[in-house]
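J.:
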Amino acid sequence: MGTVLRRLLMLAALVVLATLAVGCGGASDSPPTADATASDAAATSASSTTEQAATATLEPTEVPATVTPTAVPAASTEVPAAPTDVPTAVPAVTATELAATEVPTAVPTVAPAATSTPLPTVEPTPEPTTTDGGCVSNPQPVLTQHYTDLTQIDFINPTIVTSGNWLKNRQYHKIVTDSANDAPEVPLYAPVDSVAIGITHYLAQMVAFDGTASELPQLEVRFEVSCEVSYWFDHVSRLVEPFASLASPEPARDTRGAMVPIRLEVKAGDLIGYTSGTAPARVWDFVIVNSTVTVQFANQARYVGTGDLQTILHSVCPVDYLAPELRAAYTALYGAWDGRLPGIACDTQSDVVGTIAGGWFLTPFTDTTGFGIADWGLVAKIAGDGSVDVNGPGTSVRTPRTH
108 MGTVLRRLLM LAALVVLATL AVGCGGASDS PPTADATASD AAATSASSTT
158 EQAATATLEP TEVPATVTPT AVPAASTEVP AAPTDVPTAV PAVTATELAA
208 TEVPTAVPTV APAATSTPLP TVEPTPEPTT TDGGCVSNPQ PVLTQHYTDL
258 TQIDFINPTI VTSGNWLKNR QYHKIVTDSA NDAPEVPLYA PVDSVAIGIT
308 HYLAQMVAFD GTASELPQLE VRFEVSCEVS YWFDHVSRLV EPFASLASPE
358 PARDTRGAMV PIRLEVKAGD LIGYTSGTAP ARVWDFVIVN STVTVQFANQ
408 ARYVGTGDLQ TILHSVCPVD YLAPELRAAY TALYGAWDGR LPGIACDTQS
458 DVVGTIAGGW FLTPFTDTTG FGIADWGLVA KIAGDGSVDV NGPGTSVRTP
508 RTH
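Every number in the numbering used here is 107 more than the matching position in the sequence shown, counting from 1.
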């Protein structure tokens, strides 16, 4: 009887355990394959004790109401065993989770790849502010340094000037001379950070006071301040290094096509060279042009379509680009051969429609010739002191102001 009773109890325990296993399988987050494995393990261990079977499958949350009080403590003491079975029972599920846990450590190794193309070095400068030549757009640059030693300057004839029977886009600087008309060399400096873009070495035709003609080697050096603004020195006597080595060793008789292109950065205040000016006038030129400024003439098409006149088309007044603290020193020297003329200024509007004032030419203009030499006849211009200057080929007439 005792044996029969023990067998009945064992069968009853197996039935309860089978019921609990089915309940656990329905509530578990583990895959169905894990549940099947647990059921098979329970069936093969029917000859073991009830406590051993319980430790393999029981969880406290799944204890049914029919379980005897003595079985509950055994199940509760084995709670830690359940978590240890989960990772080994469902490796396929946790693989994705483990991959996700690797993201934080993978980010630092992937993110640096973006630094191989940083925006500051790869992204091009916006088109409006740069060109293929590397210039920077700035239509209003400021000249921060003196471009010469003003103590050696007698007077400055401001832009636009008359030269013989034609207009020029330059500002004349007359050097102080001694009684023999000898002039010391005047230094020339870069007035602003810029780029030297060309040097022209040429022979200038000179006529002495006694009428003797001669040729004098001269240099012109051009600089780019921005895409719109450039300046240059003309009638330079000699250059310092590295400019001297970059110039053509032999002067050309025709300046057209004679410029040697260079590209050399200079800083404001850098020494460019020296000049004693032309002979016998002892004058040298400083020029600024701005492509955004267009000077108006009576017949605009002639200046736009004639090669020699295009340099006048974008003339500007150098003093307008000087730093405010430098301007007074230059305007105080404004004058002409008759002396300094306080109150005069640059005159870039020489043509006055309906009057004789302006430039006159010998032949009508035609826009079919392309590059051509301006066929100047004469220039009539009102000087800063109010007098009228009429300059023709080899002749200059000045009429003083009488009213």
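Using N, Cα and C, we set each Cβ at its ideal position, and we do this for glycine too.
Assign Ala354 to one of two classes, buried (16 or more other C-beta atoms within 10 Å of its C-beta) or exposed (fewer than that).
T.: Taking the first residue of the sequence shown as 1, we reach residue 354 at position 247. Ala354 comes out buried.
J.: Roughly how many angstroms separate the alpha carbons of Ala481 and Phe330, rounded to a whole number?
T.: Here the question's residue 481 lines up with position 374 in the sequence shown. Here the question's residue 330 lines up with position 223 in the sequence shown. Taking the straight line from one Cα to the other gives about 25 Å.
J.: In whole angstroms, what is the alpha-carbon distance linking Leu485 and Ser422?
T.: On the sequence shown, residue 485 is found 378 positions in, with the first residue counted as 1. On the sequence shown, residue 422 is found 315 positions in, with the first residue counted as 1. In a straight line, the C-alpha of Leu485 is about 20 Å away from that of Ser422.
J.: Contact check, His308 vs Pro324 under 8 Å by CB: the rounded distance?
T.: Counting from 1 along the sequence shown, the entry for residue 308 is found at position 201. Counting from 1 along the sequence shown, the entry for residue 324 is found at position 217. Their Cβ separation, rounded to whole angstroms, is 7 Å, which keeps His308 and Pro324 in contact under 8 Å.
J.: To which residues of the same chain is Leu416 closer than 6 Å at the C-beta, ignoring the five residues directly before and after it?
T.: By 1-based counting over the sequence shown, the position of residue 416 is 309. The residues are Tyr410, Ala481.
J.: Could you spell out the range, first to last residue, of the beta strand (DSSP E) harbouring Tyr338?
T.: Locating residue 338 in the sequence shown gives position 231, counting from the first residue. That run of the beta strand (DSSP E) goes 336–343.
J.: Count the other CB atoms, across all protein chains shown, that sit within 10 Å of the CB of Asn288; report buried if there are 16 or more and exposed otherwise.
T.: Start at 1 with the first residue of the sequence shown, and residue 288 comes out as number 181. Its Cβ having fewer than 16 others within 10 Å, Asn288 is exposed.
J.: Tell me which residues share the same chain as Val268 and place their Cβ nearer than 8 Å to its Cβ, disregarding the 5 neighbours each side in the sequence.
T.: Against the sequence shown, residue 268 aligns to sequence position 161. Leu274, Lys275, Arg277, Gln278, Tyr279.
J.: With DSSP as the reference, label Ala431 as helix, strand or coil.
T.: Position 324 of the sequence shown, counting from 1, holds the residue named residue 431. Residue identity differs from the one stated: residue 431 is Pro in this sequence, not Ala. Note: Pro431 maps to helix in three-state DSSP.
J.: Between Val390 and Gly384, what straight-line distance do the alpha-carbon atoms span, to the nearest angstrom?
T.: Reading the sequence shown from its first residue, position 283 is the one you call residue 390. Reading the sequence shown from its first residue, position 277 is the one you call residue 384. Looking at the two C-alpha atoms, the distance is approximately 5 Å.
J.: Compare the beta carbon distance of Phe262 and Arg447 with 8 Å and say whether it is the shorter of the two.
T.: On the sequence shown, residue 262 is found 155 positions in, with the first residue counted as 1. On the sequence shown, residue 447 is found 340 positions in, with the first residue counted as 1. A contact, by the Cβ cut-off of 8 Å.
J.: Put Thr164 into one of helix, strand or coil per three-state DSSP.
T.: Counting from one through the sequence shown, the residue named residue 164 turns up at place 57. In this prediction, Thr164 scores a pLDDT of 35, lower than 50, which makes its location untrustworthy; no coordinate-derived value is stated.
J.: CA-CA distance, Trp467 and Gly493?
T.: In the sequence shown, the residue the question calls residue 467 occupies position 360. In the sequence shown, the residue the question calls residue 493 occupies position 386. Near 20 Å, if we compare the C-alpha coordinates of Gly493 and Trp467.
J.: Could you check whether the segment 372–383 touches the segment 283–299, counting it as contact only if at least three pairs of C-beta atoms, one from each stretch, sit closer than 8 Å?
T.: Yes: the two stretches touch, three or more of their Cβ pairs being nearer than 8 Å.
J.: Could you say which of Thr251, Thr255, Pro387, Asn264 lies nearest to Ala311 if we only look at CA atoms?
T.: Counted from its first residue, the sequence shown places residue 311 at position 204. Ranking Thr251, Thr255, Pro387, Asn264 by Cα distance to Ala311 puts Pro387 first.
J.: Once the 5 residues before and after Lys374 are set aside, which same chain residues still bring their CB inside 7 Å of it?
T.: In the sequence shown, counting from the first residue as 1, residue 374 sits at position 267. Around Lys374: Ala297, Asp300.
J.: Here's the rule: buried if 16 or more other CB atoms are within 10 angstroms of the residue's CB, otherwise exposed. What is Phe340?
T.: Locating residue 340 in the sequence shown gives position 233, where the first residue counts as 1. Phe340 is buried by the Cβ-count criterion.
J.: One question on the structure: do Ile419 and Val400 come within less than 8 Å of each other, judged by their Cβ atoms?
T.: On the sequence shown, residue 419 is found 312 positions in, with the first residue counted as 1. On the sequence shown, residue 400 is found 293 positions in, with the first residue counted as 1. Cβ distance not < 8 Å, so Ile419 and Val400 don't count as in contact.
J.: I'd like the list of long-range same chain contacts for Ala487, defined as Cβ closer than 6 Å, with 5 residues on each side in sequence excluded.
T.: Counting from one through the sequence shown, the residue named residue 487 turns up at place 380. Closer than 6 Å at the Cβ level, and outside the excluded window around Ala487, lie Ile463, Ala464, Val497.
J.: From this set, Asp454, Thr470, Tyr428, Pro449, which residue's C-alpha is nearest Gln252's C-alpha?
T.: To locate residue 252, count along the sequence shown from 1; it is residue 145. Minimum Cα distance to Gln252 is reached at Tyr428.
J.: Suppose contacts are defined by Cβ-Cβ distances below 8 Å. Is Pro248 in contact with Ser333 by that definition?
T.: Mapped onto the sequence shown, residue 248 falls at position 141. Mapped onto the sequence shown, residue 333 falls at position 226. The answer is yes: Cβ separation under 8 Å.
J.: Per DSSP, what are the beta-bridge partners of Tyr279 in this structure?
T.: Here residue 279 is taken as the residue at index 172 of the sequence shown, counted from 1. Looking at the DSSP assignment, Tyr279 forms a beta bridge with Asn264, Asp392.
J.: Determine, using beta carbons only, whether Glu372 and Val302 come nearer to each other than 8 Å.
T.: As a first step, residue 372 must be located in the sequence shown, where it is residue number 265. As a first step, residue 302 must be located in the sequence shown, where it is residue number 195. Cβ atoms of Glu372 and Val302: closer than 8 Å.
J.: With a 10 Å radius around its C-beta and 16 neighbouring C-beta atoms as the bar for buried, classify Thr346 as buried or exposed.
T.: Mapped onto the sequence shown, residue 346 falls at position 239. First, the residue type needs correcting, since residue 346 is Leu and not Thr in the sequence shown. Classification of Leu346: buried, given that the 10 Å Cβ count is 16 or more.
J.: Starting from the Cα of Val283, find the closest Cα among Asp445, Thr266, Leu257, Phe404 and give me that residue.
T.: Translated into positions along the sequence shown, residue 283 becomes position 176. The residue with the shortest Cα to Cα distance from Val283 is Leu257.
J.: Exposed or buried, which one is Phe316 when buried takes at least 16 other CB atoms within 10 Å?
T.: On the sequence shown, residue 316 is found 209 positions in, with the first residue counted as 1. By the 10 Å Cβ count, Phe316 comes out exposed.
J.: Are the CB atoms of Ile369 and Ile306 within a distance shorter than 8 Å?
T.: Locating residue 306 in the sequence shown gives position 199, where the first residue counts as 1. Locating residue 369 in the sequence shown gives position 262, where the first residue counts as 1. Against a cut-off of 8 Å, the Cβ pair of Ile369 and Ile306 comes out as a contact.
J.: Assuming Glu335 contacts Ser244 under a Cβ cut-off of 8 Å, what Cβ separation, rounded to an integer in Å, is found between them?
T.: In the sequence shown, the residue the question calls residue 335 occupies position 228. In the sequence shown, the residue the question calls residue 244 occupies position 137. With a Cβ gap of about 7 Å, Glu335 and Ser244 count as contacting.
J.: Within 10 angstroms of its Cβ, does Gly442 collect 16 or more other Cβ (buried), or is it exposed?
T.: In the sequence shown, residue 442 corresponds to position 335, counting from 1. Buried: at least 16 other Cβ atoms inside 10 Å.
J.: What is the DSSP secondary structure of Gln325, counted as helix, strand or coil?
T.: Along the sequence shown, one-based indexing puts residue 325 at 218. Here Gln325 sits in strand by DSSP.
J.: Report the option in Asn264, Trp444, Gln259, Pro246 whose CA atom is closest to the CA atom of Thr455.
T.: Position 348 of the sequence shown, counted from the start, is the residue given in the question as residue 455. Minimum Cα distance to Thr455 is reached at Asn264.
J.: Run through the segment 294–318 for me and flag every whole beta strand (DSSP E) of 3 or more residues, listed as ranges in chain order.
T.: Those beta strand (DSSP E) runs which fall completely within the segment 294–318 and span 3+ residues are 301–314.
J.: Throw me the rounded Cβ distance for the Asp266 and Cys424 pair, which I believe falls under 8 Å.
T.: Looking up residue 266 in the sequence shown gives position 159. Looking up residue 424 in the sequence shown gives position 317. A small correction: the amino acid at residue 266 is Thr; Asp does not occupy that position in the sequence shown. That belief holds up - the Cβ atoms of Thr266 and Cys424 are roughly 5 Å apart, short of 8 Å.
J.: Would you report the Cα separation of Ala469 and Asn272, rounded to the nearest angstrom?
T.: As a first step, residue 469 is located in the sequence shown; it is residue number 362 there, counting from the start. As a first step, residue 272 is located in the sequence shown; it is residue number 165 there, counting from the start. Here residue 469 is Leu; the residue named in the question, Ala, does not match the sequence. Approximately 11 Å, taken between the alpha carbons.
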